[in-house]
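Position 128 of the sequence shown, counted from 1, bears residue number 128 in the working numbering, the numbering being contiguous throughout. C-beta atoms are modelled at their ideal positions from N, C-alpha and C, and glycine is treated no differently. First comes the structure, then the notes that go with it.
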Amino acid sequence: MSSVTSQDKRSGPSLVSADGSSHPPAPPRTTPTAAQKELGSALQWMRMEMVQEFNRRLRRKSSADRRARELGNRMIKRKAALAMSAAVMAASPGMVDLDRASYSVSVATNPYDVRMPAFTLTASEAMKEALAEEEGVRLTVYRDVAGYPTVGVGHLVTPEDNLKVGDRISYERALALLEGDLKTAEEGVRNLVGDLALYQNEFDALVDLVYNVGSGNVSERESPRLNKAIAERDYQGIADELNYHHAGGSVANGLVFRSERRAAIFQEAAYSDPRPAHMSVSGNIRT
1 MSSVTSQDKR SGPSLVSADG SSHPPAPPRT TPTAAQKELG SALQWMRMEM VQEFNRRLRR
61 KSSADRRARE LGNRMIKRKA ALAMSAAVMA ASPGMVDLDR ASYSVSVATN PYDVRMPAFT
121 LTASEAMKEA LAEEEGVRLT VYRDVAGYPT VGVGHLVTPE DNLKVGDRIS YERALALLEG
181 DLKTAEEGVR NLVGDLALYQ NEFDALVDLV YNVGSGNVSE RESPRLNKAI AERDYQGIAD
241 ELNYHHAGGS VANGLVFRSE RRAAIFQEAA YSDPRPAHMS VSGNIRT
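Spelled out as structure tokens, the structure:
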């Protein structure tokens, strides 16, 4: 059982909703009427449509970023070719530079095949899409279960955002807010793992953990077993500590599936949603 507590990123009382996300409020648990079931299905459909549209825009943006990275990779390969030519002309001394250039090509083009220092990694496109699916996408500022203004992919509104409850933002701004929050989560992972090398998928899974529960809840005090596994470079031990099932003192189905997904990302680079197709993100069976 994971040593991660059930508190979220604000380090106060548990604010994680039953659907497994950090912010969106969960409705009271009452026996729904037929009309309420129909409304719930409509809202679920709207949620899925918004997530899909968000992820389509995310992919377009990532595609442009990828082209820029590919241009950079071509430059690295060109340098490797030049190093090879130099090695042929200068014999063995140049081979050292060739090896370094080849390694640079490898880590730049195969982040899932080479474990790299965490400071060189950022969340992948697949992880961003998974986060949107898990957290949901809200374009109108609302108050979460603790009363905090929230918008986008579980973004906690700050004074700098110049937003108030009821304001509406664009998908593009939601993307920008996600990128900013991810930078915070990525830095949290780097502080957590130190010099431990990670595959891209391992880094992504830890980003999801920190994004969901907050840096304070993966500290040595709150998550001693996780930190012990990291210190011992025990990757299986780290995977065993990615479970996070409780919200408000009880097991939340959404968190169970999110934890399964997180573990699958860490161990197998499998980013797909483990929920059956007929099950909602909250763990309820769709009718």
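Taking 8 Å as the threshold (C-beta atoms), are residue j and residue i in contact?
i	j	result
S223	N243	no
R59	E125	yes
V213	L192	no
Y211	R57	no
R334	L198	Because residue 334 is not part of the residues shown, which for the chain are 1 to 287, the question remains open.
E241	A231	no
A130	R275	no
R221	L196	no
M127	V207	yes
R225	A118	no
Tell me which residue opens and which closes the beta strand (DSSP E) that residue i is part of.
i	result
R138	R138 to R143
In terms of residue numbering, what span does the alpha helix (DSSP H) encompassing residue i cover?
i	result
Y235	Y235 to D240
A269	No alpha helix (DSSP H) contains A269, which DSSP labels as neither H nor E.
R225	P224 to A231
Cα-Cα, which of the options is closest to residue i?
i	options	result
I265	T158, L209, A231 and N227	L209
N227	F257, G194, R275 and G254	G194
D181	R261, K61, T158 and S62	T158
L175	R47, E53 and T33	E53
E135	I238, M48 and E268	M48
T122	T140, E179 and Y142	E179
Q236	R190, R221 and E268	E268
R138	M127, D113 and R168	R168
G254	L196, F119 and D273	D273
I238	D113, A263 and G216	A263
K61	G147, R173, G216 and S215	R173
A270	Y112, T33, M50 and S63	Y112
Problem set entry | the region 186-206 / the region 163-170 touching (three or more Cβ pairs under 8 Å) | no
Problem set entry | Validate contact between the region 201-210 and the region 139-155 using beta carbons, cut 8 Å, 3 pairs | no
For this session: Counting only runs of 4+ residues fully inside the region 113-200, write out the alpha helix (DSSP H) ranges in chain order.
Result: Within the region 113-200, the complete alpha helix (DSSP H) runs of at least 4 residues are 125-135 and 171-193.
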